[in-house]
Structures are given as C-alpha cells and as structure tokens.
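Below is one structure; the comments refer to it alone.
In the working numbering, the protein residues as written are 19 to 117.
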C-alpha cells in the first residue's frame, strides 16, 4: 500500500485544508479555509495545539501530513489540524475574528 506514496517537500503556502474532511462535514459544509479554521478553534482545540507547538518549537511525535496534488496546489488528506496550526504560526493564515 505505501509503495504508492511518495515523500516530497512542498511549500506550506501551496497546501489547502480539506473542505471534505470527514470530521468537519458532519458538523458543517465549509465554504472556505476561514470556516475550516473556525471549526478547528471551536471543536478541535486548535488554540491549545498552537500554543503547544509554539512552546516546544515542533510537534513532537507527529506523523507527516498526507497531501494530494490538486492542480497547482495540494489538499490535505491527513493532518488538517497540524497544517492549520503551522499556517497560523507562520502567518500564512489568520486566527478567525470570532476567536
């Protein structure tokens, strides 16, 4: 199974969060990345996760996120919460105004 996967380093800015993430679509149908981030702040405790990553300087024990090519960009298949945190920590995404 894993022989179909290929390790590749891609720029964080070219990765989109998955609006079809099964954990999200059971609660809402997000129209954009801001709505996905709001969901993670409200239901996945993204704020605490960001604080932990920021204080440790990394996410200890984390697996690499899985992404799939989608045109000129990539979509996260596994690791949406981690990618959301990294994008906020690097300034590529903003904390939603509601949080």
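No residue lacks a Cβ here, since even glycine has one placed at the ideal position from N, Cα and C. It should be emphasised that the depicted structure is a prediction, and the values quoted were computed from it without experimental measurement.
Reduced DSSP secondary structure (H/G/I, E/B, other) of residue i
i          : result
residue 98 : helix
residue 19 : Interpretation of residue 19 is limited by its pLDDT of 44, a score under 50 that renders its predicted location unreliable; the figure taken from the coordinates is listed afterwards. Looking at residue 19 - three-state DSSP - the assignment turns out to be coil, as it is neither helix nor strand.
residue 70 : helix
residue 84 : strand
residue 25 : coil
Rounded C-alpha distance that separates residue i from residue j
i           : j           : result
residue 113 : residue 26  : 28 Å
residue 19  : residue 66  : Note that residue 19 scores a pLDDT of 44, beneath 50, so its modelled location is shaky; the value from the coordinates is reported in the next line. The alpha-carbon atoms of residue 19 and residue 66 are separated by roughly 34 Å.
residue 69  : residue 36  : 23 Å
residue 88  : residue 98  : 15 Å
residue 74  : residue 30  : 20 Å
residue 59  : residue 117 : 7 Å
residue 46  : residue 76  : 30 Å
residue 81  : residue 49  : 27 Å
residue 9   : residue 100 : The requested residue 9 is not part of the displayed model; the chain covers only 19 to 117.
residue 28  : residue 95  : 14 Å
Residues that residue i bridges to, as DSSP identifies them
i          : result
residue 93 : 34 and 86
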